[in-house]
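Here is the structure we will look at.
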Amino acid sequence: MKRNFWLLVGSQTLYGDDVLKTVNERAAYMVSYLNACGKLPYELIYKGTAKSNAEITDVIREANFDKECAGIITWCHTFSPSKMWINGLASLQKPYCHLATQYNREIPNEDIDMDFMNLNQAAHGDREHGFIATRLRIPRKVIAGYWQDDRVADRLGEWMRAAVGVAFSKELKVMRFGDNMREVAVTEGDKVEVQTKLGWQVNTWAVGDLVKEMNAVSDDEIDALMAEYAEKYDFNTENTDAIRYQAKEEIAMEKMLQREGCMAFSNTFQDLYGMEQLPGLASQHLMSKGYGYGGEGDWKISALTAIMKAMGERGNGKSSFMEDYTYHLVSGNEYCLGAHMLEVCPSVAADKPRIETHHLGIGMNEKDPARLVFEGKAGKAIVVCLIDMGGRLRMICQDIECVKPIMEMPNLPVARVMWKPAPDLLTGIECWITAGGAHHTVLSYDVSAEMMKDFANMMGIEFVHITKDTTVESLEEKLMVSDLIWKLRG
Numbered sequence: 006m007k008r009n010f011w012l013l014v015g016s017q018t019l020y021g022d023d024v025l026k027t028v029n030e031r032a033a034y035m036v037s038y039l040n041a042c043g044k045l046p047y048e049l050i051y052k053g054t055a056k057s058n059a060e061i062t063d064v065i066r067e068a069n070f071d072k073e074c075a076g077i078i079t080w081c082h083t084f085s086p087s088k089m090w091i092n093g094l095a096s097l098q099k100p101y102c103h104l105a106t107q108y109n110r111e112i113p114n115e116d117i118d119m120d121f122m123n124l125n126q127a128a129h130g131d132r133e134h135g136f137i138a139t140r141l142r143i144p145r146k147v148i149a150g151y152w153q154d155d156r157v158a159d160r161l162g163e164w165m166r167a168a169v170g171v172a173f174s175k176e177l178k179v180m181r182f183g184d185n186m187r188e189v190a191v192t193e194g195d196k197v198e199v200q201t202k203l204g205w206q207v208n209t210w211a212v213g214d215l216v217k218e219m220n221a222v223s224d225d226e227i228d229a230l231m232a233e234y235a236e237k238y239d240f241n242t243e244n245t246d247a248i249r250y251q252a253k254e255e256i257a258m259e260k261m262l263q264r265e266g267c268m269a270f271s272n273t274f275q276d277l278y279g280m281e282q283l284p285g286l287a288s289q290h291l292m293s294k295g296y297g298y299g300g301e302g303d304w305k306i307s308a309l310t311a312i313m314k315a316m317g318e319r320g321n322g323k324s325s326f327m328e329d330y331t332y333h334l335v336s337g338n339e340y341c342l343g344a345h346m347l348e349v350c351p352s353v354a355a356d357k358p359r360i361e362t363h364h365l366g367i368g369m370n371e372k373d374p375a376r377l378v379f380e381g382k383a384g385k386a387i388v389v390c391l392i393d394m395g396g397r398l399r400m401i402c403q404d405i406e407c408v409k410p411i412m413e414m415p416n417l418p419v420a421r422v423m424w425k426p427a428p429d430l431l432t433g434i435e436c437w438i439t440a441g442g443a444h445h446t447v448l449s450y451d452v453s454a455e456m457m458k459d460f461a462n463m464m465g466i467e468f469v470h471i472t473k474d475t476t477v478e479s480l481e482e483k484l485m486v487s488d489l490i491w492k493l494r495g
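FYI, in this note's numbering the residues of the sequence shown are 6 to 495.
What follows is the structure in structure tokens.
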């Protein structure tokens with residue numbers, strides 16, 4: 006769906022028509038400039054200068070019911086009495102950003118007079134406007150800086166991407182093929198609470214329904230997908246039957262996903278009723294198209310993968326389902342190796358992935374599953390998970406630095422990524438476990454921690470960030486305080 010954002014400028018009738026005309030012209034030019042600067046991922050639409058309670062309330066109500074509008078941005082060129090904003094902001098249902106800026110970059114030493122002061126009142130107009138949002142306890146993003154500076158546009162663009170993640174989340178449907186892995190705790194959760202807070206509709210379809218859909222897939226459909234595989238990946242196996250079987254699985258799953266309007270799915274190696282192979286290549290290629298995936302029935306991480314892909318560039322950012330697989334614990338040279346049985350998205354690959362077939366000893370595989378094998382690229386990234394704390398949701402985010410794997414691991418035929426977590430591997434492990442972090446995550450090179458914090462703030466869920474400056478002691482204190490705050494809220 007096409008998305009856009011609305012700019013609503015605050016003023017009042019006190020200053021006369023000439024001032025309001027100037028404010029309107031400047032706001033229109035500001036929007037034109039920001040749209041043309043190449044920094045904003047979505048169109049910014051100027052919705053006029055609001056001068057009364059009725060005008061503000063009408064625009065916000067319109068935004069609430071406009072499906073393409075993903076959020077509103079406000080700016081007060083002059084002093085805008087904030088009681089005019091109460092009715093509108095109290096009814097706001099979209100993400101909200103307060104852009105604290107002013108039209109002029111510098112104070113004009115020779116020209117500044119009382120007329121200039123009456124027109125250019127953002128310095129205290131934005132404070133009046135900010136008070137009422139704080140008073141109403143409305144979640145919002147405040148971005149301060151000059152509107153022509155790249156940093157301001159970059160931050161505004163990142164906030165837009167987080168807001169689009171919110172819009173995507175509220176419409177998201179998750180298809181579960183079977184239940185989650187037996188006896189696992191962290192992949193469980195309250196689906197009613199999740200739908201209430203995040204909008205996700207999570208439901209189950211029988212694996213037998215998928216097998217029935219697979220049996221209806223034609224050879225022509227498989228041939229077409231095989232040609233697509235050949236274009237995107239190197240074939241490193243002569244077992245084309247295994248690849249064709251994965252193509253059949255992918256085609257059948259995507260038909261069901263599209264029919265039900267789902268953009269995320271999960272499955273488990275413990276429930277492959279009627280299937281010869283766990284979907285490996287099939288799941289990986291679906292993720293490369295923007296679908297979210299969660300292994301072992303992890304529907305929360307499948308939804309989060311889809312959302313972070315929607316938040317990324319061009320609607321499918323470099324994000325993937327991931328799992329902490331094993332550690333390299335050599336003192337002073339510690340690393341984490343991330344992988345999974347078969348399912349890591351090729352969007353994070355450093356080079357062209359290879360299709361290979363190998364035995365998979367876990368699960369109910371009758372034949373060797375085909376999968377993509379590759380190394381992840383180097384670069385700064387994050388890993389994120391979402392856990393159910395009972396009565397509230399907690400998002401945990403950790404900064405990481407991905408590296409080229411320090412060894413080849415020739416007998417590990419899976420896609421893998423190696424990284425150094427912040428602040429270091431051992432402290433990072435202790436912090437992650439202390440916070441209750443899951444063993445499944447979403448790894449992203451494209452979505453920032455600030456974007457995930459914005460998303461959590463918009464959604465009203467707890468956010469925990471593990472950074473280079475985090476210590477176990479400081480995190481324990483934050484978690485203790487957070488626990489008290491959230492208990493008081495709930």
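Cβ atoms here follow ideal geometry from the backbone N, Cα and C, with glycine treated the same way. Here the structure is a predicted model, which means the values were calculated and not measured.
Answer with buried or exposed for residue i, where buried requires no fewer than 16 other C-beta atoms within 10 angstroms of its C-beta.
| i | result |
| --- | --- |
| residue 5 | What the structure shows of the chain is the stretch from 6 to 495, and residue 5 is not part of that stretch, so it cannot be assessed. |
| residue 146 | buried |
| residue 59 | exposed |
| residue 490 | exposed |
| residue 166 | buried |
| residue 263 | exposed |
| residue 421 | buried |
| residue 220 | exposed |
| residue 84 | buried |
| residue 129 | exposed |
| residue 409 | exposed |
| residue 433 | buried |
| residue 452 | buried |
Compare the Cα-Cα distances from residue i to each of the options and report the closest residue.
| i | options | result |
| --- | --- | --- |
| residue 316 | 135, 180 and 172 | 172 |
| residue 191 | 42, 453 and 390 | 390 |
| residue 193 | 336, 329, 40 and 299 | 299 |
| residue 16 | 70, 38, 80 and 357 | 80 |
| residue 350 | 296, 149 and 244 | 296 |
| residue 225 | 438, 485, 67 and 256 | 256 |
| residue 353 | 324, 39 and 306 | 324 |
| residue 154 | 440, 45, 84 and 401 | 45 |
| residue 49 | 367, 21 and 104 | 104 |
| residue 107 | 96, 123 and 97 | 123 |
| residue 29 | 68, 125 and 70 | 125 |
| residue 347 | 365, 78, 336 and 332 | 365 |
| residue 36 | 158, 337, 237 and 210 | 158 |
Quick one, are the C-beta atoms of residue i and residue j less than 8 Å apart?
| i | j | result |
| --- | --- | --- |
| residue 431 | residue 327 | no |
| residue 72 | residue 6 | yes |
| residue 322 | residue 424 | no |
| residue 115 | residue 456 | no |
| residue 14 | residue 41 | no |
| residue 187 | residue 275 | yes |
| residue 12 | residue 51 | yes |
| residue 446 | residue 306 | yes |
| residue 355 | residue 402 | no |
| residue 261 | residue 215 | yes |
| residue 443 | residue 392 | yes |
| residue 483 | residue 468 | no |
| residue 427 | residue 382 | no |
| residue 438 | residue 340 | no |
| residue 148 | residue 87 | no |
Might you give, ordered along the chain, the residues of its own chain that have their beta carbon closer than 6 Å to the beta carbon of residue i, omitting 5 neighbours on each side?
| i | result |
| --- | --- |
| residue 76 | 10, 99, 100 and 168 |
| residue 62 | 92 and 93 |
| residue 304 | 179, 181, 207 and 271 |
| residue 284 | 254 |
Can you name, in chain order, every residue of its own chain whose Cβ lies under 8 Å from the Cβ of residue i, other than the five neighbours on each side?
| i | result |
| --- | --- |
| residue 248 | 231, 234, 240, 242, 286, 360, 362 and 375 |
| residue 213 | 278 and 279 |
| residue 385 | 404, 405, 406, 407 and 450 |
| residue 465 | 144 and 202 |
| residue 418 | 361, 363, 376 and 378 |
| residue 281 | 250, 370, 371 and 372 |
| residue 161 | 39, 44, 45, 78, 102, 104 and 148 |
| residue 204 | 174, 175, 176 and 177 |
DSSP beta-bridge partners for residue i?
| i | result |
| --- | --- |
| residue 493 | Answer is none; residue 493 lacks a bridge partner. |
| residue 240 | 360 |
| residue 325 | 448 |
| residue 208 | 180 |
| residue 51 | 12 |
| residue 423 | 342 and 408 |
| residue 101 | 77 |
| residue 331 | 342 |
In its own chain, which residues sit with a C-beta less than 7 Å from the C-beta of residue i, not counting the 5 before and 5 after it?
| i | result |
| --- | --- |
| residue 185 | 192, 193, 273, 301, 302 and 303 |
| residue 66 | 96 |
| residue 54 | 14, 16, 25, 28, 29 and 32 |
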